[in-house]
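In our numbering, the protein residues as written are 23 to 209. Using N, Cα and C, we set each Cβ at its ideal position, and we do this for glycine too. In this text the structure is predicted, and so the values were computed from the model without any measurement. Notes follow the structure.
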């Protein structure tokens, strides 16, 4: 009993003391412009040339690379607070995936929901974040990364408490009924 109380106290302390930085960089291009990131073979999974004539081509490439990176975690078990292949929660998957591309996001789903630009569901695209209120309190507590958008559904990768990292769909009534919002964090 004392161990359980200590664990709850410790967890509450960690959650309340962790704050994101006030200046968050949301794209590699922004990081390059601010001089805090440069493209090179060592720290880039995707070598993107700044001389490219089309930003949308670069954005599409980064979006797909983000999705591929997230998909490399398919089957990883759920672990509260986890951000590694040994286990991860929903926001841990999103946080670590974007971090692999030097894109800094807050660590929790509720904080992520306040980051980026909120967009309408009909403007959703792969790479956007999708949020849910699965706790019955109308408070965002679940996040995923959109992998595919069709006329009648949105597929997204996330970490579920029962199945770990999987791809689900808003066509599933559970996620259709708990859908909250979509945010774009990539330019």
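Query - Within the stretch 106-142, ranges of the alpha helix (DSSP H) (whole runs, at least 4 residues) - result: 112-121 and 131-134
Query raised in the report: Can you tell me whether DSSP reads residue 182 as helix, strand or coil?
Result: strand
Requested in this report: Can you have a look at residue 146 and say buried or exposed, based on whether 16 or more other CB atoms are within 10 angstroms of its CB?
Outcome: buried
Query raised in the report: Can you tell which of 116, 99 and 115 has the C-alpha that lies nearest to the C-alpha of residue 108?
Result: 99
Query raised in the report: Regarding residue 115 and the ligand GTP, is the C-beta to nearest heavy atom distance less than 8 Å?
Result: In the structure shown, the ligand GTP is absent, as is every other ligand, since no ligand is present at all.
Report task. Measure from the alpha carbon of residue 205 to the alpha carbon of each residue in 167, 184, 117 and 89, then state which is nearest. Result -> 167
Query raised in the report: Thinking just about the alpha-carbon of each residue, which of 123, 111, 96 and 191 is nearest to the one in residue 173?
Result: 191
Query raised in the report: Three-state secondary structure (DSSP) at residue 155?
Result: coil
Requested in this report: Please classify residue 193: is it buried, with 16 or more other beta-carbons within 10 angstroms of its beta-carbon, or exposed?
Outcome: exposed
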